[in-house]
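Student: This structure is in structure tokens; I'll ask about it shortly.
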Amino acid sequence: FLTFEGDLKWDHMDLTYRVMNYSPDLDRAVIDDAFRRAFKVWSDVTPLTFTQIYSGEADIMIMFGSQEHGDGYPFDGKDGLLAHAFPPGQGIQGDAHFDDDELWTLGTGIVVKTRHGNANGADCHFPFVFEGRSYSRCITEGRTDGLPWCATTGSYDRDKKYGFCPSELLYTTGGNSDGSPCVFPFIFEGTSYDACTTDGRSDGYRWCATTANFDQDKKYGFCPNRDTAVVGGNSQGDPCVFPFTFLGQSYSTCTSQGRQDGKLWCATTSNYDTDKKWGFCPDRGYSIFLVAAHEFGHSLGLDHSSVREALMYPMYSYIQDFQLHPDDVQGIQYLYGRGSGPEPTASTPVPTEKPQPMPTEAGSTFTTEEEEETPEPTGEPIPVDPSRDACAEKNFDAITEINGELHFFKDGKYWTHSSFWKMGIQGAFSVADTWPGLPLVIDAAFQDLLTKRIFFFAGRQFWVFSGKTMLGPRGIEKLGIGKGVGRISGALQRGRGKVLLFSGENYWRLDVKVQRVDKGYPRATDDIFTGVPLDAHNVFLYQDKYHFCRGSFYWRMTPRYQVDRVGYVKYDILQCP
Amino acid sequence: APLQSKPQAVVTFPGELLSNLSDVELAENYLLRFGYTTGAEARTGSKHVSLAKALRRMQKQLGLKETGELDADTLEAMRAPRCGVPDVGP
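These protein sequence lines map, in sequence, to chains A and B.
In terms of this note's numbering, the first sequence opens at residue 1 and continues consecutively.
In terms of this note's numbering, the second sequence opens at residue 1 and continues consecutively.
Take a look at the structure:
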């Protein structure tokens, strides 16, 4: 992870946000809910709280805009740049902007939330059957008022469940008309309009008058996008017109004819050949939730991560069951975690000195185990035997990452190696100095990413350290691991307080909070960790990849369970000469 | 749905933001916009060397193979939808 230069962060935890305007792509309630869930991603793992306000200056002001939208950092039309945000601070700092030339969805195609009808605002179900015909868009069939509607189940004929689709005939958003629908035709600057227009505006948003004469009444609102609204082209937001004529042929659906890139488009008048008005048909679009969660990471002080699976990775990719990556958690907790990040120094966020290594807290006292947040042991360990060379060891009792540094344990000694601080191998240090009470030889260790507690395993016993405070030894049967298991050989931290414990050809999933293994375990390692040694001597998570060691070799596996490297522990990981 | 027959004449659609940038221009814009190279570097150093150096920096940051070349993966990454905040620098 990376924080902005100077670890910019908010000086208070109860943050406010305000949505200045809404994209016409989604119902306002869908956008509000997506932003609420996006903030919750971060409040779930920090003491931060987020409150939406509806007037005045909030810490995080959110807006949609396209091209140049007032901050000197223009967007670039459909695709490419999706959004940007500013690090914590006053004024524009902390704000988040979303490119409204994109199609905003929840990542899997348009979300058509209904109003009125008898389905309590349920989303349209596409396709649906009405009078025996199947439809994949809102229709006006069956009505005389021209209001587009849809079924909210697969068959209207069977279930009679329906609602009205977003349309300017039903309501408008923003403006000064409290959501009243458009009135057509309306007069604007002496001209009569019978559809929404972008005339008179430079931001490309479609609007209409909500009385017959705007010149006279000045009453207006913004037009919601219909389900067939086009994206980009030269008619952004206008609905497709079916059928339309193109190169003399008639089309009743979107087509890729005339294009080499296979993208689907439609005309927004009945005749493309004469009017040349067109746009792209809706595709999967971009998840406003995922993009917002990323941008709010910036608003809180996180810069881009180089971890592909992390939320703060700069490129967009749709993820169905989103889960915050440990890299993101470490980053945000570095800034706002309980006592582990730099304390705010003044009443407004000011750049602190250059980012320091994770601060060690001198001699902290803990209240109870549940509440404590444990920094690493007090003070820097003193090398007891610098002559003891890690590169001379054939293998190690245990290897694991603690506070961002790899730790190599052997016979009561340990060495550290940090890829971040380019200081090479540090040590040997004495295990007893840093973690008094541990046996000389341990089998495995891991640090819980959320609480920073460190678990050690030796034989059938385990110890839990919170700083200098130690719990244990206790038997691993207390974790729910059966008698047949002689030793734990390694551990892989997962998200949400879960850790996989390995022994022989099996593994268990430990819930760190309750300190019990989950039901349905053990499972055979080979089930998903295919291609790695099943009798690995060490198993550890490092730089978001799984490492299985046997002898002097290691097998590295990606989070997608592909072995992407086999190498020497000594030369590749320890970087011995 | 009936397989779309082979597309007829390819039409140039009015208002389409066609990128007529060459791959190198696309790369130079991208590297500049996201902080992998500065205007000064782009102007002074030898074009090829500074491009290769900036490409390597971008490939490392984005977890791509560090070739220093404008290979397919790198071009694809440059065209992928993304956040507008620079990857390097303020």
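For each residue, glycine too, the CB sits at the ideal point set by N, CA and C.
Source: prediction; values computed, not measured.
#1: Counting only C-beta atoms, is R56/B closer than 8 Å to chain A at any point?
#2: Given 7 Å as the limit, tell me if V183/A has its C-beta closer than that to any heavy atom belonging to the ligand NAD.
#3: Could you give the DSSP three-state label for T348/A: helix, strand or coil?
#4: From the DSSP output, in three-state form, read off C83/B for me.
#5: If I follow the unbroken alpha helix (DSSP H) through L31/B, where does it start and stop?
#6: Contact check, G221/A vs G174/A under 8 Å by CB: the rounded distance?
#7: Could you give the first and the last residue of the continuous alpha helix (DSSP H) run that contains I609/A?
#8: Would you be able to state if there are at least three C-beta pairs under 8 Å between the region 95-113 of chain A and the region 274-291 of chain A?
#9: DSSP has E405/A in a bridge; who is on the other side?
#10: What distance in whole Å lies between the Cβ atoms of C165/A and D227/A, which are believed to be in contact at a cut-off of 8 Å?
#11: Whose CA, out of R115/A, R158/A and K218/A, lies closest to the CA of F128/A?
#12: Taking 8 Å as the CB-CB limit, is R308/A close to chain B?
#13: Pop quiz: F244/A and A267/A are said to be a contact at Cβ under 8 Å. What is the actual Cβ separation, rounded to whole angstroms?
#14: What residues from chain A crowd round G68/B, counting only those whose CB sits closer than 8 Å?
#15: Could you tell me if D238/A is buried or exposed, where buried requires 16 or more neighbouring beta carbons within 10 angstroms of its beta carbon?
#16: Take the Cβ of K394/A as the centre, count every other Cβ of all protein chains shown within 10 Å, and call the residue buried at 16 or more, exposed below.
#17: Apart from the five residues just before and just after G551/A, which ones in its own chain have a Cβ nearer than 7 Å to its Cβ?
#18: Would D178/A and P185/A be called neighbours here (beta carbons separated by less than 8 Å)?
#19: By the criterion of Cβ-Cβ separation under 7 Å, what are the contact partners of D87/B in chain A?
#20: CB I53/A to CB D71/A, shorter than 8 Å?
#21: Please list the residues of the region 527-551 of chain A that have a C-beta atom closer than 7 Å to any C-beta atom in chain B, keeping them in chain order.
#22: Taking K40/A as part of the alpha helix (DSSP H), name the residues at either end of that continuous run.
#23: Skipping 5 residues on each side, what residues in its chain have a beta carbon closer than 7 Å to that of T46/A?
#24: Using only the alpha-carbon positions, how far apart do T92/B and F4/A sit?
#25: Measuring alpha carbon to alpha carbon, tell me which of D44/A, D544/A and N21/A ends up nearest S306/A.
#26: Any Cβ of chain A within less than 8 Å of the Cβ of V24/B?
#27: Tell me which same chain residues have a C-beta within less than 6 Å of the C-beta of I488/A, skipping the five on either side of it?
#28: Contact criterion: CB-CB distance below 8 Å. Does W415/A meet it with respect to chain B?
#29: According to DSSP, H547/A sits in a beta bridge with which residue or residues?
#30: Tell me the rounded alpha-carbon separation between G68/B and L31/B.
#31: Buried or exposed, going by whether 16 or more other CB atoms sit within 10 Å of the CB of Q562/A?
#32: In three-state DSSP terms, what is T268/A?
#33: Please confirm whether E295/A and A58/A have their CB atoms less than 8 Å apart.
#34: Residues of chain C with CB under 9 Å from Q61/B, in chain order?
#35: Ordered along the chain, which non-local residues of its own chain (more than five positions away) have a Cβ less than 6 Å from that of Q426/A?
#36: Given that a residue counts as buried once 16 or more other Cβ atoms are within 10 Å of its Cβ, and exposed if not, what is P14/B?
Tutor: In brief:
#1: If you number the second sequence from 1, residue 56/B lands on position 56. Closer than 8 Å: no.
#2: Among the ligands in the structure shown, none appear at all, so the ligand NAD cannot be discussed.
#3: Here residue 348/A is taken as the residue at index 348 of the first sequence, counted from 1. In this prediction, T348/A scores a pLDDT of 36, lower than 50, which makes its location untrustworthy; the coordinate-derived value is nonetheless stated afterwards. DSSP places T348/A in coil when its eight states are reduced to three.
#4: Numbered from its first residue, the second sequence carries residue 83/B at position 83. It is a strand residue.
#5: Numbered from 1 along the second sequence, position 31 holds the residue referred to as residue 31/B. Counting along the chain, the alpha helix (DSSP H) containing L31/B begins and ends at D23 to R33.
#6: What you label residue 221/A is simply residue 221 of the first sequence in a count that begins at 1. What you label residue 174/A is simply residue 174 of the first sequence in a count that begins at 1. Right, their Cβ atoms sit about 6 Å apart.
#7: Given that chain A is displayed from residue 1 to residue 577, the structure contains no residue 609/A and the question cannot be resolved.
#8: yes
#9: Taking the first residue of the first sequence as position 1, residue 405/A is located at position 405. Paired residues: I402/A.
#10: To locate residue 227/A, count along the first sequence from 1; it is residue 227. To locate residue 165/A, count along the first sequence from 1; it is residue 165. That belief holds up - the Cβ atoms of D227/A and C165/A are roughly 6 Å apart, short of 8 Å.
#11: For the purposes of this step, residue 128/A is taken as the residue at position 128 of the first sequence. For F128/A, the nearest C-alpha among the options comes from R158/A.
#12: Reading the first sequence from its first residue, position 308 is the one you call residue 308/A. True, the Cβ-Cβ gap to chain B drops below 8 Å.
#13: The residue labelled residue 244/A in the question sits at position 244 within the first sequence. The residue labelled residue 267/A in the question sits at position 267 within the first sequence. Contact holds; Cβ gap of about 4 Å.
#14: Your numbering for residue 68/B matches position 68 in the second sequence. Neighbours of G68/B on chain A: none; closest Cβ ~17 Å, over 8 Å.
#15: Indexing the first sequence from 1 puts residue 238/A at position 238. By the neighbour-count rule (16 or more Cβ atoms within 10 Å), D238/A is buried.
#16: What you label residue 394/A is simply residue 394 of the first sequence in a count that begins at 1. With fewer than 16 other Cβ atoms within 10 Å, it is exposed.
#17: If you number the first sequence from 1, residue 551/A lands on position 551. Closer than 7 Å at the Cβ level, and outside the excluded window around G551/A, lie N395.
#18: To locate residue 178/A, count along the first sequence from 1; it is residue 178. To locate residue 185/A, count along the first sequence from 1; it is residue 185. Cβ atoms of D178/A and P185/A: not closer than 8 Å.
#19: Within the second sequence, numbered from 1, the residue matching residue 87/B stands at position 87. Going along chain A in sequence order, the residues near D87/B (Cβ under 7 Å) are H304 and P314.
#20: To locate residue 53/A, count along the first sequence from 1; it is residue 53. To locate residue 71/A, count along the first sequence from 1; it is residue 71. No. Outside cutoff.
#21: none
#22: Position 40 of the first sequence, counted from the first residue, corresponds to residue 40/A. Element bounds for K40/A: R28 to S43.
#23: Indexing the first sequence from 1 puts residue 46/A at position 46. Once the five neighbours on either side are set aside, the close Cβ partners of T46/A are I332, Q333, Y336 and G337.
#24: With chain B represented from 1 up to 90, any question about residue 92/B goes unanswered, as that position is not in the structure.
#25: Counting from 1 along the first sequence, the entry for residue 306/A is found at position 306. Checked all of D44/A, D544/A and N21/A; the closest Cα to S306/A is D544/A.
#26: In the second sequence, residue 24/B corresponds to position 24, counting from 1. No, because no Cβ of chain A sits closer than 8 Å to the Cβ of V24/B.
#27: Locating residue 488/A in the first sequence gives position 488, where the first residue counts as 1. Within the same chain, I488/A has close Cβ partners D443, A444, F457, L501 and S503.
#28: For the purposes of this step, residue 415/A is taken as the residue at position 415 of the first sequence. Not one chain B Cβ lies under 8 Å of W415/A.
#29: Along the first sequence, read from residue 1 onward, the residue named residue 547/A stands at position 547. DSSP lists F540/A and R556/A as partners of H547/A.
#30: Your numbering for residue 68/B matches position 68 in the second sequence. Your numbering for residue 31/B matches position 31 in the second sequence. If I take the Cα positions, the gap works out to 12 Å.
#31: Within the first sequence, numbered from 1, the residue matching residue 562/A stands at position 562. Exposed, since its Cβ has fewer than 16 Cβ neighbours within 10 Å.
#32: Taking the first sequence and counting its residues from 1, the one referred to as residue 268/A is at position 268. The answer is coil: DSSP assigns T268/A none of H, G, I, E or B.
#33: On the first sequence, residue 295/A is found 295 positions in, with the first residue counted as 1. On the first sequence, residue 58/A is found 58 positions in, with the first residue counted as 1. In this structure, A58/A does not lie closer than 8 Å to E295/A by Cβ.
#34: This model lacks chain C altogether; the protein chains it does include are A and B.
#35: For the purposes of this step, residue 426/A is identified with residue 426 of the first sequence, where counting begins at 1. The residues are T416.
#36: The residue labelled residue 14/B in the question sits at position 14 within the second sequence. By the neighbour-count rule (16 or more Cβ atoms within 10 Å), P14/B is not buried but exposed.
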